[in-house]
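Numbering (the numbering used here), first residue to last: 1 to 266.
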């Protein structure tokens, strides 16, 4: 009898572990489905937010590989700029231009509306105004020139860190800032997932410090930016939205790239 009970407990334990493993894989797949062009289904019951920095690692690895290839080929100034433009373009295409569209809509709304309601109304308009267009051109230029400077100086750590820290800002925005609306992308994701989820998101940042301990001050700046930028963007409308999350990702990315390029002397 005891043997049957013991075997039953073992089977139940294996089934529970199997379900947990499937749940984790489903959550990871959903994170890539939300934030990239990877063709996976974003399950409605999934909890993808904690895994958003992992998506950043994919983009960071892509940028690192492209930058290393450019360095090995010995490109000159034009070649470095071309490689940088291709990296920024790969990031944009790989994310379905999600963050760029959000940044354009956010700037149009934040600068074009006098009240929170009007700002949100402008953000929800699918057309892009002068404010948004100018912002996209400026951010794209800053990213391209910064990436080119980093490739030239062989300082490639920021190319990995920027996408990871950018996605971390989406995590902090979703978990620490109220929603601006009950509809839209942000409203479809949970507002909080507990300490374990925070631990997972945090663990995904730790390898950045291990890759280059000398970059720890820059990593700290990036983490602080990831915590503060979503709150600053949300304040004028009283909460976070999908557009503002996209803007936050792009702004934190750009901040890390520009600051690192300036510090590298590139």
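Idealized CB from N, CA, C, for every residue including glycine.
Please state whether DSSP places residue i in a helix, a strand or coil.
i: residue 28; result: helix
i: residue 47; result: coil
i: residue 158; result: helix
i: residue 36; result: coil
i: residue 260; result: helix
i: residue 127; result: coil
What residue range does the alpha helix (DSSP H) around residue i cover?
i: residue 143; result: 130-152
i: residue 216; result: 216-234
i: residue 101; result: 98-112
i: residue 55; result: 52-72
i: residue 267; result: Any answer about residue 267 is impossible in this case: the structure gives the chain only from 1 up to 266.
i: residue 186; result: Unbroken run through residue 186: none, as it is neither H nor E.
i: residue 88; result: 77-94
i: residue 203; result: 194-203
i: residue 206; result: 206-211
Taking the straight line between their C-alpha atoms, what separation do you get for residue i and residue j?
i: residue 116; j: residue 69; result: 46 Å
i: residue 193; j: residue 174; result: 10 Å
i: residue 209; j: residue 168; result: 15 Å
i: residue 230; j: residue 110; result: 13 Å
i: residue 233; j: residue 252; result: 12 Å
i: residue 176; j: residue 119; result: 21 Å
i: residue 212; j: residue 235; result: 34 Å
i: residue 96; j: residue 76; result: 30 Å
i: residue 35; j: residue 78; result: 31 Å
i: residue 164; j: residue 215; result: 14 Å
i: residue 256; j: residue 218; result: 8 Å
i: residue 126; j: residue 132; result: 11 Å
i: residue 150; j: residue 227; result: 25 Å
i: residue 58; j: residue 121; result: 34 Å
i: residue 201; j: residue 89; result: 26 Å
i: residue 178; j: residue 244; result: 12 Å
i: residue 137; j: residue 157; result: 25 Å
i: residue 206; j: residue 259; result: 20 Å
i: residue 93; j: residue 187; result: 24 Å
i: residue 48; j: residue 153; result: 36 Å
i: residue 146; j: residue 183; result: 36 Å
i: residue 81; j: residue 73; result: 14 Å
i: residue 31; j: residue 53; result: 9 Å
i: residue 124; j: residue 262; result: 36 Å
i: residue 55; j: residue 39; result: 13 Å
i: residue 237; j: residue 113; result: 10 Å
Going by DSSP, name the residue or residues bridged to residue i.
i: residue 240; result: 179
Residue i and residue j look like a contact to me (Cβ under 8 Å); what is the Cβ gap, rounded to whole Å?
i: residue 241; j: residue 180; result: 5 Å
i: residue 60; j: residue 160; result: 3 Å
i: residue 103; j: residue 134; result: Not confirmed; about 11 Å, so no contact.
i: residue 66; j: residue 37; result: The Cβ separation is near 17 Å, so there is no contact.
i: residue 155; j: residue 264; result: 4 Å
i: residue 185; j: residue 254; result: In fact, because the Cβ distance is near 21 Å, the residues do not count as touching under 8 Å.
i: residue 129; j: residue 108; result: 4 Å
i: residue 171; j: residue 50; result: 7 Å
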